[in-house]
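Asks: In this note's numbering, the protein residues as written are 40 to 194. Yeah, the Cβ is synthetic: ideal placement off N, Cα and C, and Gly gets one too. Shown below is the structure under consideration.
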């Protein structure tokens with residue numbers, strides 16, 4: 040019996056209806072884990088994982104980020120970004136180029152090969168997103184994205 044005298048459901052339904060199943064931090068973490076697992080599985084056919092895809096996506100978007108900017112934006116340790124960029128560069132998907140605004144820094148630029156791979160990988164990632172959000176209306180999908188942007192980029 041629960042503290043208020045009601046019998047709690049058992050099994051998966053009981054867990055889903057538990058206090059943790061109503062905790063926003065847990066729900067965000069669980070959704071993230073499910074999304075990452077599905078994305079990594081889909082991106083594997085392109086030789087990518089979510090993190091390397093993220094770096095390639097930013098390079099393909101022509102924002103020319105520095106490695107420091109990548110680390111801050113992706114919330115990764117700079118050494119992790121170096122390893123990701125090294126691997127993408129080894130595959131000739133990106134290049135490091137001197138930042139014209141600060142010759143001490145390098146910016147990341149996508150290659151033609153990288154842009155082509157990103158286009159294919161983006162299709163796979165989008166298909167995963169649609170599959171995971173199949174039960175969500177397009178309006179709720181956009182609202183969810185708006186709310187997550189508010190959390191991810193507080194002002």
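Counting only runs that start and end within the region 71 to 106, where is the alpha helix (DSSP H) found for 4 or more residues in a row?
Replies: 89 to 99
Asks: Which runs of the alpha helix (DSSP H) at least 4 residues long sit entirely within the region 127 to 194? Give them in chain order.
Replies: 151 to 171 and 177 to 191
Asks: Of the residues 138, 71 and 147, which one's Cα is nearest the Cα of residue 96?
Replies: Looking up residue 96 in the chain shown gives position 57. By alpha-carbon distance to residue 96, the top candidate from 138, 71 and 147 is 147.
Asks: Need the endpoints of the alpha helix (DSSP H) that residue 54 sits in, please.
Replies: What you label residue 54 is simply residue 15 of the chain shown in a count that begins at 1. Unbroken alpha helix (DSSP H) run through residue 54: 50 to 55.
Asks: With a threshold of 16 other CB atoms inside 10 Å of the CB of residue 270, please say whether the residue is buried or exposed.
Replies: Because the chain is modelled from 40 through 194, residue 270 falls outside the range shown and cannot be assessed.
Asks: Touching or not, the region 154 to 161 and the region 81 to 98, by the rule of three or more beta carbon pairs under 8 Å?
Replies: As far as the Cβ criterion goes, the region 154 to 161 touches the region 81 to 98, which means the pair count is three or higher.
Asks: Helix, strand or coil, according to DSSP, for residue 40 in the structure here?
Replies: The residue labelled residue 40 in the question sits at position 1 within the chain shown. The pLDDT assigned to residue 40 is 47, lower than 50, so where the model puts this residue is not dependable; a value taken from the coordinates is nonetheless given after this. Coil, per DSSP.
Asks: Thinking just about the alpha-carbon of each residue, which of 166, 115 and 190 is nearest to the one in residue 78?
Replies: For the purposes of this step, residue 78 is taken as residue 39 along the chain shown, with counting starting at 1. Of 166, 115 and 190, the residue nearest in Cα terms is 166.
Asks: Within the chosen definition, does the region 56 to 75 reach the region 129 to 136 through at least 3 CB pairs nearer than 8 Å?
Replies: no
Asks: Is it buried or exposed, residue 91, if we count other Cβ atoms within 10 angstroms and call 16 or more buried?
Replies: Position 52 of the chain shown holds residue 91. It counts as buried.
Asks: Is DSSP giving residue 125 helix, strand or coil here?
Replies: Along the chain shown, one-based indexing puts residue 125 at 86. Reduced to three states, the DSSP call for residue 125 is helix.
Asks: Measure the beta-carbon distance from residue 124 to residue 110 and round it to whole angstroms, keeping in mind my assumption that it falls under 8 Å.
Replies: As a first step, residue 124 must be located in the chain shown, where it is residue number 85. As a first step, residue 110 must be located in the chain shown, where it is residue number 71. In fact, because the Cβ distance is near 10 Å, the residues do not count as touching under 8 Å.
Asks: Rounded to whole angstroms, how far is the Cβ of residue 138 from the Cβ of residue 176, which I believe are closer than 8 Å?
Replies: Residue 138 sits at position 99 when you count from the first residue of the chain shown. Residue 176 sits at position 137 when you count from the first residue of the chain shown. With 8 Å as the limit, residue 138 and residue 176 do not qualify as a contact, their Cβ atoms being about 43 Å apart.
Asks: Return helix, strand or coil for residue 120, following the three-state DSSP convention.
Replies: Translated into the one-based positions of the chain shown, residue 120 becomes position 81. It is helical.
Asks: So is the beta-carbon of residue 51 under 6 Å away from any non-hydrogen atom of the ligand ZN?
Replies: Looking for the ligand ZN in the displayed structure turns up nothing, as the structure carries no ligands at all.
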